[in-house]
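Visitor: For reference, the structure I am asking about is given below.
Protein chains in written order, with our numbering: chain W, 1 to 429; chain L, 1 to 269.
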């Protein structure tokens with residue numbers, strides 16, 4: 001397999017704040033350093049890009065959106081880049097698509113590269129659909145005769161044949177993206193870079209796009225794809241890159257990478273204690289401090305046999321007088337969908353949980369969960385208004401194997417069919 | 001340098017489509033369409049005739065009607081000013097496209113020159129009509145001479161100068177917008193430092209302004225353009241050669257700075 005994209009020690013630094021006198025002063029310092037043959041003084045400073053923390057170093061006006069990123073992508077790979085907001089995914093895509101240059105490091109690639117960071121780049125509202133197809137195609141790197149050859153195909157795919165000679169500003173937003181995406185889908189480059197643009201159009205059109213992308217990938221072209229939609233990434237990509245705070249945590253097969261992404265919070269996975277910097281949605285009043293799974297006997301556990309009883313334990317603290325709260329626990333699959341909810345909707349369900357101080361709740365799940373890796377989402381919210389005091393997504397993950405404990409019955413298949421074996425009563429006549 | 005040209009040739013379809021977009025979209029939803037290109041210089045020439053000719057009593061060459069004289073100067077000037085203004089704003093007006101897709105950034109300025117040439121040819125056509133009308137019906141003497149052959153060369157020089165200056169300005173405005181302010185009124189003022197509304201020879205050669213005019217590379221070129229049609233303007237091969245050198249230096253500087261800036265301008269624009 002030949003390497004088509006190679007990133008060596010790529011870093012990208014950004015300055016925070018506005019452009020003005022202070023940035024001019026920095027530029028002057030940079031210039032002086034360069035004239036004296038010294039290194040850029042600001043490359044030494046700069047912090048890891050943690051979005052929700054104020055700077056700690058003396059000079060934290062500079063952050064590294066990417067820091068020392070290395071990777072190689074082989075021909076024919078369909079690579080999914082995943083990571084939380086601010087992990088550096090978009091910056092990396094910008095560098096890959098040559099919109100901007102890395103501050104330090106080197107990127108090389110082989111073949112024709114096209115990037116789709118947005119649908120309809122360069123569409124002019126006053127021009128007709130026909131003119132815009134040509135314009136947009138040329139901006140994306142197609143030659144005029146190539147567009148001409150595929151014009152009918154593009155219009156056919158978009159399904160807006162009737163409007164082709166009307167200015168695109170008269171289009172509905174759905175028609176607009178359909179036309180724009182159709183151009184992109186017929187690009188046929190060696191390396192295609194896509195940023196979440198698949199989330200356009202109605203369900204029907206989305207499926208069409210994904211199938212089109214798949215066929216592009218099957219022809220041996222390389223695709224680099226960024227998305228938060230884990231199910232799409234999982235079904236579409238063959239390998240993955242997991243990014244965090246401007247660095248690469250892991251590059252591997254897509255399943256391993258997604259699992260790593262979901263079980264990323266090691267501290268939580270090993271002790272159930274939630275670290276202070278865990279991303280959460282929060283209003284003052286109550287804080288979840290601990291969440292973990294336990295075995296039947298009540299001891300901490302994150303690997304279960306098939307058919308084991310499962311307990312979920314939550315510890316939280318109420319810090320001021322608040323209305324009665326309710327507790328919700330959701331179970332999500334490794335592709336990110338949440339498929340089951342544990343909550344009690346009766347008024348009395350959580351009596352006694354609202355007083356100031358620490359509280360402990362234990363939920364017993366009696367359904368059989370099928371083998372796989374799962375993650376828990378937990379929230380404490382106001383019973384009446386539904387406002388959440390604390391909400392933690394995919395905070396704890398656990399594994400269910402297909403082997404039952406002594407005396408139980410093993411899961412008979414190698415692939416899990418669904419997530420839960422419902423408590424069902426069978427009558428055979 | 002060679003890479004820049006081969007890239008541009010690779011993207012010639014795009015340049016042409018940008019050109020087409022500019023022309024088509026400029027006159028969408030107007031009734032008169034490209035006729036506006038004619039109306040603007042006609043009205044400006046009328047105002048010039050009133051202000052400079054009748055009120056200030058600045059004489060224009062006798063072998064051409066004042067109206068045709070102003071039209072000729074304006075068509076050259078408009079070409080330069082229009083291209084320069086638009087190229088100066090390249091990075092700022094196109095940042096949304098530049099931020100999403102890579103293509104040789106120089107394609108935009110080059111397409112601006114093309115659409116400028118289109119507008120020039122209409123305005124210049126209008127001048128030619130008036131010029132011949134004057135000769136045939138008003139009895140003006142046909143004062144054109146063999147230097148007419150050089151007019152395309154003058155246009156090329158104007159283009160390269162607009163390109164060079166525009167590239168420099170647009171590169172400097174990606175981070176600090178101060179220059180945009182200067183350009184806003186600077187171009188308008190520059191017209192008065194170019195012999196457009198008055199003949200070059202009305203300026204006494206002892207004045208400081210005379211030297212300013214000579215230092216402006218546009219003066220030599222536009223005067224030579226006027227000479228081709230009137231045989232009564234400054235035509236100095238030496239000055240033209242000097243202007244060409246200045247323009248080439250401007251152009252190379254512009255292209256160098258532009259190529260440095262285009263790689264990272266998205267971070268600051």
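Glycine residues also receive a C-beta, built at the ideal position from the N, C-alpha and C atoms.
So, using beta-carbon positions, are residue 63 (chain L) and residue 206 (chain L) closer together than 8 Å?
Guide: Cβ distance not < 8 Å, so residue 63 (chain L) and residue 206 (chain L) don't count as in contact.
Visitor: List, in order along the chain, the chain W residues whose C-beta lies closer than 7 Å to that of residue 14 (chain L)?
Guide: What residue 14 (chain L) touches in chain W: 138, 139.
Visitor: Along the chain, where does the alpha helix (DSSP H) that runs through residue 222 (chain W) open and close?
Guide: Unbroken run through residue 222 (chain W) is the beta strand (DSSP E), 222 to 226; no alpha helix (DSSP H).
Visitor: So for residue 232 (chain L), helix, strand or coil by DSSP?
Guide: In this structure, residue 232 (chain L) counts as coil in the three-state DSSP scheme.
Visitor: How would you list, in chain order, the residues of chain W whose beta-carbon sits under 9 Å from the beta-carbon of residue 103 (chain L)?
Guide: Those are 138, 139, 140, 141, listed as they occur along chain W.
Visitor: Grab me the residues of residue 404 (chain W)'s own chain with a C-beta within less than 7 Å of its C-beta, minus the 5 sequence neighbours each way, in chain order.
Guide: Here the set comprises 305, 306, 307, 410.
Visitor: Identify each residue in the region 142 to 158 of chain W for which the Cβ-Cβ distance to at least one residue of chain L is less than 7 Å, and report them in chain order.
Guide: Cβ contacts with chain L come from 143, 144.
Visitor: Please state if the CB of residue 113 (chain W) and the CB of residue 191 (chain W) are separated by a distance shorter than 8 Å.
Guide: Yes, the Cβ-Cβ distance between residue 191 (chain W) and residue 113 (chain W) is below 8 Å.
Visitor: Can you check which of these residues, W:407, W:136, W:341, W:406, is closest to residue 376 (chain W) by C-alpha distance?
Guide: Comparing Cα-Cα distances from residue 376 (chain W) to each of W:407, W:136, W:341, W:406, the minimum goes to W:341.
Visitor: Drop a sphere of 10 angstroms on the beta-carbon of residue 169 (chain W), count the other beta-carbons inside from all chains shown, and report buried for 16 or more, exposed for fewer.
Guide: Exposed: under 16 other Cβ atoms inside 10 Å.
Visitor: Would you mind telling me which residues of chain L sit closer than 7 Å to residue 121 (chain W), beta carbon to beta carbon, in chain order?
Guide: Residues of chain L passing the Cβ test: 97, 100, 101.
Visitor: Can you pull out the residues from the region 84 to 102 of chain W whose beta carbon lies closer than 8 Å to at least one beta carbon of chain L?
Guide: Flagged, chain order: 94, 97, 98, 99, 100, 101.
Visitor: Using a threshold of 8 Å, state whether the C-beta atoms of residue 291 (chain L) and residue 87 (chain L) are closer than that.
Guide: Chain L is shown from 1 up to 269; residue 291 (chain L) falls before or after that span and cannot be answered.
Visitor: Quick one: grab the DSSP three-state call for residue 245 (chain W).
Guide: Of the three classes helix, strand and coil, the one that applies to residue 245 (chain W) here is coil, per DSSP.
Visitor: Between the Cα of residue 228 (chain W) and the Cα atoms of W:289, W:65, W:41, W:89, which residue gives the shortest distance?
Guide: When only C-alpha atoms are compared, the closest one is W:89.
Visitor: Threshold first: 3 residues or longer. Then list the beta strand (DSSP E) segments lying entirely within the region 334 to 396 of chain W, N to C.
Guide: Counting only runs of 3 or more, we get 338 to 342, 357 to 365, 372 to 382.
Visitor: Rounded to the nearest angstrom, how far is the Cβ of residue 272 (chain W) from that of residue 157 (chain W), given a contact under 8 Å?
Guide: Wrong, their Cβ atoms sit about 50 Å apart, outside the cutoff.
Visitor: Using a C-beta to C-beta distance shorter than 7 Å, which residues of chain W count as neighbours of residue 17 (chain L)?
Guide: Neighbours of residue 17 (chain L) on chain W, chain order: 134, 135, 138.
Visitor: Measure how close the beta-carbons of residue 378 (chain W) and residue 322 (chain W) come, nearest whole angstrom, since I'm counting them as under 8 Å.
Guide: With a Cβ gap of about 17 Å, residue 378 (chain W) and residue 322 (chain W) do not count as contacting.
Visitor: Just list the residues that DSSP pairs residue 82 (chain W) with in beta bridges.
Guide: Paired residues: W:242.
Visitor: Do the CB positions of residue 254 (chain W) and residue 238 (chain W) come within less than 8 Å of each other?
Guide: Yes. Within cutoff.
Visitor: List the endpoints of the continuous beta strand (DSSP E) containing residue 330 (chain W).
Guide: First-last of the beta strand (DSSP E) with residue 330 (chain W): 325 to 332.
Visitor: Find the nearest neighbour of residue 171 (chain L) within the set L:91, L:65, L:28, judged by alpha-carbon distance.
Guide: If we check each option's Cα against that of residue 171 (chain L), L:91 comes out closest.
Visitor: DSSP state of residue 9 (chain W), grouped into three classes?
Guide: In this structure, residue 9 (chain W) counts as strand in the three-state DSSP scheme.
Visitor: What's the gap between the Cα of residue 11 (chain L) and the Cα of residue 112 (chain L)?
Guide: Residue 11 (chain L) and residue 112 (chain L): Cα-Cα distance of roughly 15 Å.
Visitor: Determine which residues of the region 217 to 244 of chain L have a Cβ less than 7 Å from any Cβ of chain W, and write them out in chain order.
Guide: For the region 217 to 244 of chain L, which is checked against every Cβ of chain W, not one residue is closer than 7 Å.
Visitor: Are the C-beta of residue 263 (chain L) and some C-beta of chain W separated by less than 8 Å?
Guide: Residue 263 (chain L) counts as touching chain W.
Visitor: I want to see whether chain W comes within less than 8 Å of residue 2 (chain L), judged by CB atoms only; does it?
Guide: Judged by the 8 Å Cβ criterion, residue 2 (chain L) is not in contact with chain W.
Visitor: When we look at the beta-carbon of residue 182 (chain W) and count the other beta-carbons within 10 Å, is it buried (16 or more) or exposed?
Guide: Result: buried.
Visitor: Return the CA-CA distance between residue 188 (chain W) and residue 34 (chain L), expressed in angstroms with no decimal places.
Guide: The alpha-carbon atoms of residue 188 (chain W) and residue 34 (chain L) are separated by roughly 38 Å.
Visitor: Closer than 7 Å by beta-carbon distance: list the chain W residues that pair up with residue 175 (chain L), in chain order.
Guide: Ordered by position in chain W, the residues that pass the 7 Å Cβ test against residue 175 (chain L) are 19.
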